[in-house]
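**Q** Sharing a structure below in structure tokens format, with a few things to ask.
2 protein chains.
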Amino acid sequence: MFTKHFRKVLLVVMLVVFIPSFVTAAEGGQGHGGDAIFILAMLALLVVLAKAAGALAEKIGQVSVLGELVLGMALGALTLFGLNVFEALKADPYVAIFAEFAVILLLFQTGLESDLQRMAKVGLSAFFVAIVGVVCPFLLGTYFVGPWLLPGLTSNAYLFLGATLTATSVGITARVFKDLKITQTRSAQIVLGAAVIDDVLGLLILAVVAAIISAGHVGAGEIVIIAGKALVFLAGSIVVGRFFAPHIGSWLSRVHEGVGMKMAMALFFCLGYAYLSTLVGLAPIVGAFAAGLLLDPVHFKRFQSPRLVSDIEDAMRDCRQNDVRSSVVKAVDEHRHRHVEDLVEGMGQWFVPLFFVITGLQVNLAVLGDVKVIMVALGIAVVAIVGKLAAGLVAGKGADWKLVGIGMAPRGEVGLIFANVGKTLGVVDDKTFAAIVIMIIITTIFTPVVLPRFVKKAVAISAT
Amino acid sequence: MFTKHFRKVLLVVMLVVFIPSFVTAAEGGQGHGGDAIFILAMLALLVVLAKAAGALAEKIGQVSVLGELVLGMALGALTLFGLNVFEALKADPYVAIFAEFAVILLLFQTGLESDLQRMAKVGLSAFFVAIVGVVCPFLLGTYFVGPWLLPGLTSNAYLFLGATLTATSVGITARVFKDLKITQTRSAQIVLGAAVIDDVLGLLILAVVAAIISAGHVGAGEIVIIAGKALVFLAGSIVVGRFFAPHIGSWLSRVHEGVGMKMAMALFFCLGYAYLSTLVGLAPIVGAFAAGLLLDPVHFKRFQSPRLVSDIEDAMRDCRQNDVRSSVVKAVDEHRHRHVEDLVEGMGQWFVPLFFVITGLQVNLAVLGDVKVIMVALGIAVVAIVGKLAAGLVAGKGADWKLVGIGMAPRGEVGLIFANVGKTLGVVDDKTFAAIVIMIIITTIFTPVVLPRFVKKAVAISAT
């Protein structure tokens, strides 16, 4: 009855009438107490668009996160054409908390896919990668590219530029690994470990640089305290978590043997650790990643399996065909063992794309207007990437140096935090800030575009 | 190695050390940019506690939502003992948006479990129930219990009291139906339908009463416009939705045949409708319920089934035992048909309890201090319940009048909105407001306590 052609017409009607009328109604502020609901509806629209953009990216051989980022940038650019509805979302605190929740979920998922033992094995490599990945960009930025591309600034300004180049934003890379299904390779684990160490180092660098700029010197005691708090938190949370998690899990499972409780506990661990990590000055995603590392499916084995699994097990009890039985049992077992991950997966499916669309939305494409700024940005972007590629070289045997180096490249929101602190302290001027923003755009897009090309080789190496 | 006794000690350690230290750290405001993360962590803690409270309620033969409500009230009462951490959550806008999202998800789920055809069949009964359920409490409140229990107030005050008693808050009842697994019975469908109609009526009553109080009279044209907008929205959304949903679904499924897109679309429909309903002055949950009614599993049949299902189907292809095969196929089919619901279920599991804990938290138990206020509250609560029980009497054949009447009883947040408007207009004084709040507490607790006792009978009747 309805031809393909007719369906296309319907879709056009939908796009032409429904979405803009929605947006216009909202801009006119006709909502009665519906502001929060409007934000929720817009977020839901963003997720639908993000899924479509991700699918399109995959069709042209890219990872879906690239589609989501580019979509966000495109929607942000609509402001340049006078459509301000997405502009309002940028500054909205509700949007911010949903994006924060999203990236926390993502790093929690990444932690769940990782494994503490395997992480410990790559620990030393990760440490070297983190150190080189901080020292190289810092030296290159402070003593080479800063004075060369931005002559005439104070040495404090170069110091800050160097510091900004040290940051690693692991969200993008974690997502690229997830899209490519290589989170569990040695190279990926090194990058994730190095990103955690980088967050501690970043904390120290920011404290040191800020102290030098505002007080002219830095107290060793202060630095020791900052580093000590962060390290005690990381080490302590792992020891305490390993000890408590199984017992709390087994006790609570007797209170309420339901999937709901399992999910509630998993998310409490995740968000509780995320919050505790902010108390010692670390990023919440570091805590979320640590929580994911700690939570092992085994801790939750007393919890009820979902209804489908039990239905199938009932049905298979009468099966006398061994091959069929074993393949069904295998499918069910895999499902059971991935269960904590699966529970969060549903929520992650919806929330995680939000973070990347909103990250894209934050990009102010107006900074691309100044050619001189772009030239400076390209220069520092090259240094930013080369500095992290150098870090890949110390990743050691069994890892692909290019994969590690490219994985460390995105500066993302961490670099932006540095730049903002510098702006607040008055050492980063508007042009340098704009150049840093462009550098962040470049390094952020760089990883999802380039990393997939090197993956086959890396997987082959890690299999040896 | 670890005895049961030891596990209990561990739990006590957890409760005594971990949670309070968490709370104290937060009250001290030590978080660096961690405010939003703190709220997220507190919400996650509330969900864990809610799941435990729900499980305890079930153990003593109550529905779990009762446990969640009482938990919220108990946490709110901690303020009376000087612990203010949950007090801060009450007024927090982040908490408000998560609670709003939660109740929207709940009504969307309720809509998904309902069916437009079955809903249409009970339409006339629902209409009568809604009308009687509005007229009875209004007349009893305005002309009987108001002048009797609160002598000396203006006739406008009695008018407002009567109006407040007409509200139906369907969140509690929808959840009780869900806990008891009777959402699909005729009685439950009548209550849900009547609640939607009640929301339209409530909109009109509020407009009329507010106009009478502020202008002394009411324009017929204004009322027709308000009613017209709401009715056009409800009728229009159903017609348009029925027409568009299958085609949009089938088109988008060809863009990205993933579970993620399915969930994204489902939630966009849900939140989009919720927002549109606020534009015509209706509650967002009415829109969410309508969206759930419209979305039929069939609209999404082109979407990919989850991996477990496809793995099992692959395994069963070689099965030659017909009985085993048919029971496995049946289990898989049921899973597939419930799939839109299952996708949202995971998210609902975590979010929905939040709404009820937070509803409980909003209850200010300090109002229970004044005996005279309590007496007045008991009087209006009796009228509130009797008025809705009378509505149950017109539910007609095939429905249990007691179930319908009790299901209509909760006033919840809708009653509170009325009372707040009255307070703003100056017709509801502090004591009347306190009495209304207590009435809302009573009617809110009444349904989860009393309704389960009548359920067996109702199910038996609806099966005939």
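Respectively, the protein sequence lines represent chains A and B. Note that the numbering used here has the first sequence beginning at 1, numbered continuously upward. Note that the numbering used here has the second sequence beginning at 465, numbered continuously upward. Cβ coordinates follow ideal geometry from the N, Cα and C atoms, glycine included.
Whose C-beta lies closer than 7 Å to the C-beta of ILE39(A) among residues of the same chain, with five residues either side of it excluded?
**A** ASP92, TYR94 and VAL95, listed in sequence order.
**Q** Can you give me the start and stop residues for the alpha helix (DSSP H) that ILE929(B) sits inside?
**A** Because residue 929(B) is not part of the residues shown, which for chain B are 465 to 928, the question remains open.
**Q** Below 6 Å CB to CB, which residues in the same chain sit around SER532(A) once its five sequence neighbours on both sides are set aside?
**A** Residue 532(A) cannot be examined here, being either before or after the span of chain A that is shown, 1 to 464.
**Q** Can ILE904(B) and LEU613(B) be called in contact, C-beta distance under 9 Å?
**A** Going by C-beta atoms, ILE904(B) is not nearer than 9 Å to LEU613(B).
**Q** Just to check my reading of the structure: LEU112(A) and GLY292(A) have Cβ atoms closer than 8 Å, yes? What is that Cβ distance to the nearest angstrom?
**A** Contact holds; Cβ gap of about 4 Å.
**Q** Counting only runs of 4+ residues fully inside the stretch 339-404 of chain A, write out the alpha helix (DSSP H) ranges in chain order.
**A** Within the stretch 339-404 of chain A, the complete alpha helix (DSSP H) runs of at least 4 residues are 339-362 and 371-392.
**Q** For the alpha helix (DSSP H) holding ILE503(B), just list the boundary residues, first then last.
**A** ILE503(B) -> alpha helix (DSSP H) spans 499-523.
**Q** Can you list, in chain order, the residues of its chain with a C-beta nearer than 7 Å to that of THR535(B)? Leave out the 5 residues immediately preceding and following it.
**A** With the sequence shown as reference, residue 535(B) is identified as Leu, and Thr is not the correct amino acid for it. Here the set comprises LEU513, ALA514, ALA517, VAL821 and GLY824.
**Q** Is the beta carbon of LEU192(A) sitting closer than 9 Å to the one on THR110(A)?
**A** For LEU192(A) and THR110(A), yes; Cβs fall inside 9 Å.
**Q** Flag this pair as touching only if the stretch 382-396 of chain A and the stretch 131-146 of chain A have three or more C-beta atom pairs under 8 Å; answer yes or no.
**A** Yes: at least three Cβ pairs fall under 8 Å.
**Q** In its own chain, which residues sit with a C-beta less than 7 Å from the C-beta of LYS554(B), not counting the 5 before and 5 after it?
**A** Once the five neighbours on either side are set aside, the close Cβ partners of LYS554(B) are LEU825 and GLN826.
**Q** For ARG175(A) versus LEU106(A), is the C-beta distance shorter than 9 Å?
**A** Going by C-beta atoms, ARG175(A) is nearer than 9 Å to LEU106(A).
**Q** Can you tell me where the alpha helix (DSSP H) with ALA102(A) in it begins and where it stops?
**A** Note, ALA102(A): alpha helix (DSSP H), 93-113.
**Q** Go to GLN62(A), then tell me how far its alpha helix (DSSP H) extends in each direction, as first and last residue.
**A** Note, GLN62(A): premise wrong, no alpha helix (DSSP H); not H, not E.
**Q** Just mark GLU68(A) as buried or exposed, buried being the case when its beta carbon has 16 or more other beta carbons within 10 Å.
**A** Buried, by the Cβ-count rule.
**Q** Got a sec: which bits of the stretch 86-106 of chain A sit with their beta carbon under 9 Å from any beta carbon on chain B, in order along the chain?
**A** Within the stretch 86-106 of chain A, the qualifying residues are PRO93, TYR94, ALA96, ILE97, PHE98, GLU100, PHE101 and ILE104.
**Q** Candidates PHE86(A), THR166(A) and GLN189(A): which alpha carbon is nearest SER125(A)'s?
**A** Checking every option, the nearest Cα to that of SER125(A) belongs to GLN189(A).
**Q** According to DSSP, is PRO874(B) part of a helix, a strand, or is it coil?
**A** Note: PRO874(B) maps to coil in three-state DSSP.
**Q** What residues of chain B sit near GLN362(A), judged by a beta carbon separation below 7 Å?
**A** Here the premise fails: no neighbours, minimum Cβ distance about 16 Å.
**Q** Would you kindly work out how many angstroms separate the C-alpha atoms of LEU416(A) and ILE436(A), rounded to a whole number?
**A** Each residue's alpha carbon lies about 8 Å from the other.
**Q** Using a 10 Å radius around the Cβ and a threshold of 16 neighbouring Cβ atoms, would you call LEU80(A) buried or exposed?
**A** Exposed: under 16 other Cβ atoms inside 10 Å.
**Q** Are the CB atoms of VAL788(B) and CYS319(A) nearer to each other than 9 Å?
**A** Yes, these two residues count as a Cβ contact at 9 Å.
**Q** Assign VAL328(A) to one of three DSSP states: helix, strand, or coil.
**A** Helix.
**Q** Our contact map puts LEU365(A) next to ALA36(A) with C-beta atoms below 8 Å; I'd like the distance itself, whole angstroms only.
**A** In fact, because the Cβ distance is near 29 Å, the residues do not count as touching under 8 Å.
**Q** Mind reading off the beta-carbon distance from VAL196(A) to ALA230(A)? Whole number of angstroms is fine, and I expect it under 8 Å.
**A** Actually they are not in contact, since the Cβ atoms of VAL196(A) and ALA230(A) sit about 10 Å apart, beyond 8 Å.
**Q** Of the residues GLY810(B), PRO601(B) and ALA691(B), which one's Cα is nearest the Cα of ALA566(B)?
**A** Per the Cα distances, GLY810(B).
**Q** Is any beta-carbon of chain A found at less than 9 Å from that of TYR622(B)?
**A** Chain A, which has no Cβ nearer than 9 Å to the Cβ of TYR622(B), makes this no.
**Q** Can you tell me the Cα-Cα spacing of VAL549(B) and VAL455(A), whole angstroms?
**A** Taking the straight line from one Cα to the other gives about 48 Å.
**Q** Going along the chain, which residues of its own chain have a beta-carbon closer than 7 Å to the beta-carbon of VAL450(A), five neighbours each way excluded?
**A** Closer than 7 Å at the Cβ level, and outside the excluded window around VAL450(A), lie ILE406.
**Q** Could you give the distance in angstroms between the alpha-carbon of THR928(B) and the alpha-carbon of GLU58(A)?
**A** Unreliable placement is indicated for THR928(B), whose pLDDT of 39 sits below 50; no coordinate value is reported for it.
**Q** What number of angstroms, rounded off, separates the C-alpha of VAL704(B) from the C-alpha of TYR737(B)?
**A** Computed Cα separation, rounded: 12 Å.
**Q** For THR907(B), which three-state DSSP category applies?
**A** Looking at THR907(B) - three-state DSSP - the assignment turns out to be helix.
**Q** Confirm, please, whether the CB-CB distance from VAL831(B) to VAL609(B) is below 9 Å.
**A** For VAL609(B) and VAL831(B), no; Cβs fall outside 9 Å.
**Q** Quick check on the DSSP output: the alpha helix (DSSP H) that includes ALA167(A) runs from which residue to which?
**A** Run containing ALA167(A): none; DSSP gives neither H nor E here.
**Q** Are there 16 or more other CB atoms within 10 angstroms of the CB of GLU564(B), so buried, or fewer, so exposed?
**A** So GLU564(B) counts as buried.
**Q** Tell me the DSSP secondary structure of PRO151(A) in three-state form.
**A** Three-state result, PRO151(A): coil.
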